[in-house]
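S.K.:
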Amino acid sequence: MPQVSSGSKKSADKLEANDIPSTQTSSSVSKLIAHPSVAILALSIFVSGAAILFSNSASSPAAYQAGSAYALCSRQANIYTVDESNSKVECIVVNNSLILHSGSRASVKHLYGTVPITALPTHAIVVPGLSDSHGHLLEYGASKQLPLEGTSTINETVGRVRSYILLTPSVLENQNAFIRGGGWDHTSWPGSAWPTADDLEADPVLRGRPIVLQSKDCHALWVSRRVLELSVSAKPFPASVDGGVVLRDEKGDPTGMMLDNAQELLNIPPLTETDLQQRFRSAANDALRYGLTSVHDAGLDQASLDFFFRQAANGKLPIRVYAMRFFNETAEYWGNTTSQYFGGENRLTARSVKIFADGALRTGGSALYEPYTDNPSTSGFMRLPKEIFFDAIPRFLRDGWQVNVHAIGDRANGIVLDAFEASLQGVGVNVTALRPRLEHAQLMTKEDMRRVGRLGVIASVQPTHVISDMWYAQDRLGPERIKGLYAFRSFIDAGARLTLGSDFPVETMNPLATFYAAITRTSIQGESPHGAGGWLNFLYNFQLGSISTDDGMILGSPKNA
Numbered sequence: 001m002p003q004v005s006s007g008s009k010k011s012a013d014k015l016e017a018n019d020i021p022s023t024q025t026s027s028s029v030s031k032l033i034a035h036p037s038v039a040i041l042a043l044s045i046f047v048s049g050a051a052i053l054f055s056n057s058a059s060s061p062a063a064y065q066a067g068s069a070y071a072l073c074s075r076q077a078n079i080y081t082v083d084e085s086n087s088k089v090e091c092i093v094v095n096n097s098l099i100l101h102s103g104s105r106a107s108v109k110h111l112y113g114t115v116p117i118t119a120l121p122t123h124a125i126v127v128p129g130l131s132d133s134h135g136h137l138l139e140y141g142a143s144k145q146l147p148l149e150g151t152s153t154i155n156e157t158v159g160r161v162r163s164y165i166l167l168t169p170s171v172l173e174n175q176n177a178f179i180r181g182g183g184w185d186h187t188s189w190p191g192s193a194w195p196t197a198d199d200l201e202a203d204p205v206l207r208g209r210p211i212v213l214q215s216k217d218c219h220a221l222w223v224s225r226r227v228l229e230l231s232v233s234a235k236p237f238p239a240s241v242d243g244g245v246v247l248r249d250e251k252g253d254p255t256g257m258m259l260d261n262a263q264e265l266l267n268i269p270p271l272t273e274t275d276l277q278q279r280f281r282s283a284a285n286d287a288l289r290y291g292l293t294s295v296h297d298a299g300l301d302q303a304s305l306d307f308f309f310r311q312a313a314n315g316k317l318p319i320r321v322y323a324m325r326f327f328n329e330t331a332e333y334w335g336n337t338t339s340q341y342f343g344g345e346n347r348l349t350a351r352s353v354k355i356f357a358d359g360a361l362r363t364g365g366s367a368l369y370e371p372y373t374d375n376p377s378t379s380g381f382m383r384l385p386k387e388i389f390f391d392a393i394p395r396f397l398r399d400g401w402q403v404n405v406h407a408i409g410d411r412a413n414g415i416v417l418d419a420f421e422a423s424l425q426g427v428g429v430n431v432t433a434l435r436p437r438l439e440h441a442q443l444m445t446k447e448d449m450r451r452v453g454r455l456g457v458i459a460s461v462q463p464t465h466v467i468s469d470m471w472y473a474q475d476r477l478g479p480e481r482i483k484g485l486y487a488f489r490s491f492i493d494a495g496a497r498l499t500l501g502s503d504f505p506v507e508t509m510n511p512l513a514t515f516y517a518a519i520t521r522t523s524i525q526g527e528s529p530h531g532a533g534g535w536l537n538f539l540y541n542f543q544l545g546s547i548s549t550d551d552g553m554i555l556g557s558p559k560n561a
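All letters in the sequence shown, in the order written, are residues 1 to 561 by full-length UniProt numbering.
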């Protein structure tokens, strides 16, 4: 869908002929498309986050080249503009990838009498380009190289790696070639057992090769013995890691599983320019196929950011990218020496910083006030000392940077909100202009939910995590604490601003899945561990941050739709 800003005519995003992405859809996507009422309702929720509007001017026709313009018209007026004063129209006029006009069929005939009109199918809808507020473009591209999502056992996962090696001659013939893959999820395997390097060594095709496999949530790396040997020879592993864990066997030796900050101990070669190009092309093609014309990339190191600078300078960004720079607590503060970037014909913006507070719920690293219900020996961990948030956040805000903090557990969210509150009071910044964000904001106390709204902090949430995590979340948190998990309606009731994303490749990039999850809180198959009604029934009567019993907990519930 062409992207047009309000009051102006901008070039639509378009791939060259040899760059056209596949039109195939997954089975889950097909099932979503089979329910247009769900998709249409969800679009009205999600698109509001995108700063994309059609031009409403009907006073005079814009100039166009005869023979190259056409109109798309919907008898049901199923063309959505995201303009509250004129939210649905019958027609748009397009000329060389520019939207010249939106309005009624009569206005099209009046202003563009000779333009050919194409009627849309009865159930088709047209929406502006969508924006995903939390994704990882290069990681998504990497996940397509050796995808491990959906495996049901360790052996099946190892089998996929084996097949990849056997089917890739350049890898098969080079015992030293680094093999990278991602998407495995130990919570979906029998016993939720962590995989080990020995599992990789057991296969003769994999044995002795450097293998690095990223978990589904990107908070764990499963590596081979070869990678451990290369890493330890460069620098021995410490006995413990602040903000991370090196899993060890009964002898105290690393098993090949590295959690959160422990991943930084590994000696892994940097990506080549070819690697970066392939990953980005794959991600950008799929983004456009799914109707995404803008992505907030939630964390880029300097090498990756430099790659995007080059893409922008060379006019090779088919989508808009809002880049978040990674924060490194061991490096010198750079907020007052690094320039914010706005370039590539408005295709690339880098004016924000990404800080990690804790790990993930799936891997047991999210920081909680109380121990995990299924593992009372731990309450998770903070990836940074508390003092760093109170030092770094006000400095970045004072120097005009948007601060985005990954926080999942209730303790992590509480600490970050404490730092935001102290910073916003002490710095005296324009909160609306700098838009501080909590990335994920998954589990919170009632008071902290209210505080998000009071402080003006944006909650950046990913509804597809709900239907992905629901199969193990109650085991992790227990029946009471889970009431504060993914309480989107409570945020809204507290006056907080939400922005929605997918966290791809952790979840699917397809925005229809985001819409579906936000509305139904059931799996694509309509299932939930809490019954046919899903979390809508499970959480509906819990009034977190809400007084009225008429308010549903679920964003997009039928009562509130």
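Glycine included, each C-beta is placed from N, C-alpha and C at the ideal position. These figures come from a predicted structure and were not determined experimentally.
Does DSSP put Y70 in a helix, in a strand, or in coil?
M.R.: Note: Y70 maps to strand in three-state DSSP.
S.K.: In terms of alpha-carbon separation, which member of A367, D391, D286, T373 lies closest to E329?
M.R.: Ranking A367, D391, D286, T373 by Cα distance to E329 puts D391 first.
S.K.: Indicate whether G380 and G414 have their beta-carbon atoms separated by less than 8 Å.
M.R.: No, the pair does not count as a contact, with Cβ atoms beyond the cut-off.
S.K.: State buried or exposed for G484, treating a residue as buried only when at least 16 other CB atoms are found within 10 Å of its CB.
M.R.: With 16 or more Cβ atoms within 10 Å of its Cβ, G484 is classed as buried.
S.K.: Please state whether DSSP places R289 in a helix, a strand or coil.
M.R.: In the structure shown, R289 sits in a helix (DSSP, three-state: H, G or I).
S.K.: If you scan the stretch 336-406 from start to end, which runs of the alpha helix (DSSP H) of 4 or more residues do you find wholly inside it?
M.R.: With a minimum length of 4 residues, the continuous alpha helix (DSSP H) runs that stay inside the stretch 336-406 are 386-398.
S.K.: Looking at C-alpha atoms only, which residue of G364, D306, D217 is the closest neighbour of Y341?
M.R.: For the residues G364, D306, D217, the minimum Cα distance to Y341 belongs to D306.
S.K.: Is the distance from the Cβ of P254 to the Cβ of V246 below 8 Å?
M.R.: Cβ distance < 8 Å, so P254 and V246 count as in contact.
S.K.: Just to confirm the assignment: which complete beta strand (DSSP E) runs, minimum length 3, are found wholly within the stretch 455-517?
M.R.: Runs of the beta strand (DSSP E) inside the stretch 455-517: 458-461, 497-500.
S.K.: With DSSP collapsed to three states, give me the class of S37.
M.R.: Caution is warranted here: a pLDDT of 32 is assigned to S37, below 50, making its placement in the model unreliable, and the coordinate value is therefore given only provisionally. Helix at S37.
S.K.: For L259, which option in D286, T196, L512, G456 has the closest C-alpha, if you only look at C-alpha atoms?
M.R.: For L259, the nearest C-alpha among the options comes from T196.
S.K.: Let me know the secondary structure DSSP gives L438 once reduced to three states.
M.R.: Residue state, collapsed to three classes: strand.
S.K.: Under a Cβ-count criterion, where at least 16 other Cβ atoms within 10 Å of its own Cβ denotes burial, should R75 be classed as buried or exposed?
M.R.: By the 10 Å Cβ count, R75 comes out exposed.
S.K.: At what residues does the alpha helix (DSSP H) containing L98 begin and finish?
M.R.: L98 -> not in any alpha helix (DSSP H); beta strand (DSSP E) instead, spanning 98-103.
S.K.: Residues in the same chain with beta-carbon distance under 7 Å from S423, minus the five sequence neighbours each way, listed in chain order, please.
M.R.: Same-chain partners within the cutoff: I393, P394, L397.
S.K.: Is it the case that the Cβ atoms of D399 and L368 are separated by a distance below 8 Å?
M.R.: No, they are not a contact pair.
S.K.: Just the C-alpha distance for W184 and D275, rounded to the nearest angstrom, thanks.
M.R.: Cα-Cα distance, rounded: 21 Å.
S.K.: Put D275 into one of helix, strand or coil per three-state DSSP.
M.R.: Three-state result, D275: helix.
S.K.: Which residues bound the beta strand (DSSP E) around T81?
M.R.: Note, T81: premise wrong, no beta strand (DSSP E); not H, not E.
S.K.: Looking only at DSSP bridge pairs, what is P147 linked to?
M.R.: Per DSSP, G182.
S.K.: With respect to the alpha helix (DSSP H) encompassing residue 617, which residues constitute its N-terminal and C-terminal limits?
M.R.: It is not possible to answer for residue 617, since the shown part of the chain is limited to 1 through 561.
S.K.: Starting from V232 and walking both ways along the alpha helix (DSSP H), at which residues does that stretch end?
M.R.: Counting along the chain, the alpha helix (DSSP H) containing V232 begins and ends at 225-234.
S.K.: Here's the rule I'm using: 16 or more other beta-carbon atoms within 10 Å means buried, otherwise exposed. How should L166 be labelled?
M.R.: Exposed, since its Cβ has fewer than 16 Cβ neighbours within 10 Å.
S.K.: Could you name the residues of the same chain whose beta carbon sits closer than 6 Å to that of Q263, not counting the 5 residues immediately before and after it, in chain order?
M.R.: L221.
S.K.: Just tell me which of S85, V82, R481, V89 has its CA closest to the CA of L72.
M.R.: Comparing Cα positions, the closest option is V89.
S.K.: Tell me which same chain residues have a C-beta within less than 7 Å of the C-beta of D217, skipping the five on either side of it?
M.R.: Excluding sequence neighbours, D217 sits near A360, R362, T363, V506.
S.K.: Mapping DSSP to helix, strand and coil, what is H110?
M.R.: Of the three classes helix, strand and coil, the one that applies to H110 here is helix, per DSSP.
S.K.: On the premise that G135 lies in contact with D297, defined as a C-beta separation below 8 Å, what is that separation, rounded to the nearest angstrom?
M.R.: Their Cβ separation, rounded to whole angstroms, is 6 Å, which keeps D297 and G135 in contact under 8 Å.
S.K.: Following the continuous alpha helix (DSSP H) through P413, name the residue where it begins and the one where it ends.
M.R.: According to the sequence shown, residue 413 is Asn rather than Pro. Counting along the chain, the alpha helix (DSSP H) containing N413 begins and ends at 410-427.
S.K.: Specify the secondary structure class of residue 567 as computed by DSSP and reduced to three states.
M.R.: Because the chain in this structure spans residues 1 to 561, residue 567 falls outside the shown range and cannot be described.
S.K.: Below 6 Å CB to CB, which residues in the same chain sit around Y322 once its five sequence neighbours on both sides are set aside?
M.R.: The residues are H296, T349.
S.K.: Considering only their Cβ atoms, is the gap separating V457 from F488 smaller than 8 Å?
M.R.: No, they are not a contact pair.
S.K.: Going by C-alpha to C-alpha distance, which of Y472, S68, N510 sits closest to S192?
M.R.: For the residues Y472, S68, N510, the minimum Cα distance to S192 belongs to Y472.
S.K.: What separation, rounded to the nearest whole angstrom, lies between the Cα atoms of D203 and Q474?
M.R.: Whole-angstrom Cα-Cα distance: 35 Å.
S.K.: Would you say residue 597 and T445 are within 8 Å of each other, going by their C-beta atoms?
M.R.: Residue numbering for the chain in the displayed model covers 1 to 561; residue 597 lies beyond these limits and cannot be assessed.
S.K.: What do you reckon, are the CB atoms on L317 and R289 nearer than 8 Å?
M.R.: No, they are not a contact pair.
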